[in-house]
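Worksheet for the structure shown next.
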Amino acid sequence: MKLSVLEHSHVNEGRSVKETLAETVALAQETEKLGYTRFWVSEHHGSEALASSSPEILIGHIASHTEKIRVGSGGVMLPHYSAYKVAENFKLLEALHPGRIDVGLGRAPGGMPIATRALQEHKRGDIDQYPQQVVDLNAYLHDNNPANHRFPGLRAFPQTDNVPELWLLGSSDGSAKIAAQLGTAYAFAQFFGAAGDEALQQYFAYFRPSEYNSKPVALAAVMAICADTEEEARQLARSNELFFLKLLSGQELGYMPSVRTATEYPYSPMELQMIEQMKSRRFIGTPGQVKEGLKRYADRLHLDELMIVSHIHDFDKRVRSYRYIAEAFGI
Numbered sequence: 001m002k003l004s005v006l007e008h009s010h011v012n013e014g015r016s017v018k019e020t021l022a023e024t025v026a027l028a029q030e031t032e033k034l035g036y037t038r039f040w041v042s043e044h045h046g047s048e049a050l051a052s053s054s055p056e057i058l059i060g061h062i063a064s065h066t067e068k069i070r071v072g073s074g075g076v077m078l079p080h081y082s083a084y085k086v087a088e089n090f091k092l093l094e095a096l097h098p099g100r101i102d103v104g105l106g107r108a109p110g111g112m113p114i115a116t117r118a119l120q121e122h123k124r125g126d127i128d129q130y131p132q133q134v135v136d137l138n139a140y141l142h143d144n145n146p147a148n149h150r151f152p153g154l155r156a157f158p159q160t161d162n163v164p165e166l167w168l169l170g171s172s173d174g175s176a177k178i179a180a181q182l183g184t185a186y187a188f189a190q191f192f193g194a195a196g197d198e199a200l201q202q203y204f205a206y207f208r209p210s211e212y213n214s215k216p217v218a219l220a221a222v223m224a225i226c227a228d229t230e231e232e233a234r235q236l237a238r239s240n241e242l243f244f245l246k247l248l249s250g251q252e253l254g255y256m257p258s259v260r261t262a263t264e265y266p267y268s269p270m271e272l273q274m275i276e277q278m279k280s281r282r283f284i285g286t287p288g289q290v291k292e293g294l295k296r297y298a299d300r301l302h303l304d305e306l307m308i309v310s311h312i313h314d315f316d317k318r319v320r321s322y323r324y325i326a327e328a329f330g331i
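For the sequence shown, position 199 matches number 199 in the UniProt record's numbering, and the numbering has no gaps at all.
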């Protein structure tokens, strides 16, 4: 089992953006030492609570402060951008950090509607063009733009000996089907709320071998919080529960709340019910409990890589959670 990390760079209550980004780099360094395979950073817009608005910049910074862990985007929201420019960005990152760069692509807006309008000002944004954008990006990355392309002969530079790994991200079967049809790798955002079985099954069932992948390549990003006792792990999870509760209710907090803030919050019966539903999709407990749950999930879906999301307010306890999970799997 390969383990990787998805980091959102939440601005924790009582912490600054500068401290948040320093902790993101420190987490990458620590998880590299622990044997994690990848470290991906997300893209969010118009959010005071999330510091990762430009993954390309953050990827370069993290890669320059680590040595071997793969660093990538989880992901770049491609409908906002030119596929050609994204190719240039990631080929430059690959040239700077050979063999270590992943480009994960998403088609969600990554923010509130007003941020989407600002990102797409004076341009025609069309989510239906996303599959063609992926095809174009792949061609630019691999220098094989077809002669009948609308920009024939166009190449993205700089030239590199290696090509960034291309992944499509999704939380529904829509992106899974696109990834299967195009023969790309697929990363399922299970932590975001969906069960994942159907999307991953669709990907495996309809995968078409391509010149880039001869067989399906998939992972699932899952929420896992690990501590010495189940009770402590449940307490640590309360910060994330309140944050997601507010997010789902359209009342996003401007920070990741502390355990104390989350504990003292006056939950309504409906909110408590929503939190219970969240718990059923997460892996929270002791190292043994988390390993057992993650292994059962991965075996059922035939996955050999899981990407761990561990939103914990206290940085030292977040590092400890990743360490416990790594030790439990023996990576």
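Where is the CB? At the ideal position from N, CA and C, for every residue including glycine.
| Item | Value |
| --- | --- |
| A28 to G72 span [Cα, whole Å] | 12 Å |
| A205 burial status per 10 Å Cβ neighbour count (16 or more: buried) | exposed |
| Nearest candidate by alpha-carbon position, reference P131, set Q120, R150, G174 and R100 | G174 |
| Validate contact between the region 229 to 240 and the region 206 to 214 using beta carbons, cut 8 Å, 3 pairs | no |
| Reference A51, options A262, V11 and L294, closest by Cα | V11 |
| Spatial neighbours of Q181 in its chain, beta-carbon cut-off 8 Å, leaving aside the 5 residues before and after | P131, Y206 and R208 |
| Segment contact, 8 Å Cβ cut-off, at least three pairs: the region 98 to 118 with the region 155 to 175 | yes |
| For E165, the three-state DSSP class (helix, strand or coil) | strand |
| Inter-residue spacing [alpha-carbon to alpha-carbon] between I101 and I62 | 11 Å |
| Span separating the alpha-carbon of P152 from that of A87 | 16 Å |
| For S4: DSSP bridge partner residues | M307 |
| Which of helix, strand or coil DSSP assigns to L301 | coil |
| Residue range of the unbroken alpha helix (DSSP H) whose run includes Q90 | Contrary to the premise, residue 90 reads as Phe rather than Gln in this sequence. Note, F90: alpha helix (DSSP H), A83 to L96. |
| Buried/exposed call for L303, threshold 16 Cβ in 10 Å | buried |
| Own chain residues within Cβ distance below 8 Å of P164, not counting five before or after | G72, F90, K91, L93, E94, I101, D102, V103 and L141 |
| Cβ shell of E48 (< 6 Å), same chain only, five flanking positions each side left out | G254 |
| Cα-Cα separation, L58 to L272 | 36 Å |
| Buried or exposed (CB count within 10 angstroms, at least 16 for buried), K279 | exposed |
| Exposure of F157, with buried meaning 16 or more beta-carbon neighbours within 10 Å | exposed |
| Best match in R318, G99 and R281 for proximity to R70 [C-alpha to C-alpha] | G99 |
| CB contact flag (L96, G60, <9 Å) | yes |
| First and last residue of the uninterrupted beta strand (DSSP E) at Y186 | A185 to A189 |
| Test item: CB-CB of M1 and K246 under 9 Å | no |
| Span of the alpha helix (DSSP H), counted from its first residue to its last, around D173 | D173 to L182 |
| Any non-hydrogen atom of the ligand FAD within 8 Å of P216 CB | What this structure holds is no ligand at all, so the ligand FAD is not there to describe. |
| Limits of the unbroken beta strand (DSSP E) element including A224 | A218 to C226 |
| Beta-carbon proximity of I275 to A224, cut-off 9 Å | no |
| Residue 336 - containing beta strand (DSSP E), residue span | Past the boundaries of the shown model lies residue 336; the chain is included only from 1 to 331, so the question cannot be answered. |
| Three-state secondary structure assigned by DSSP to L253 | coil |
| For L50: DSSP bridge partner residues | H10 |
| Residue 342 (DSSP reduced to helix, strand or coil) | In the structure as shown, the chain begins at 1 and stops at 331. Residue 342 is therefore absent and cannot be evaluated. |
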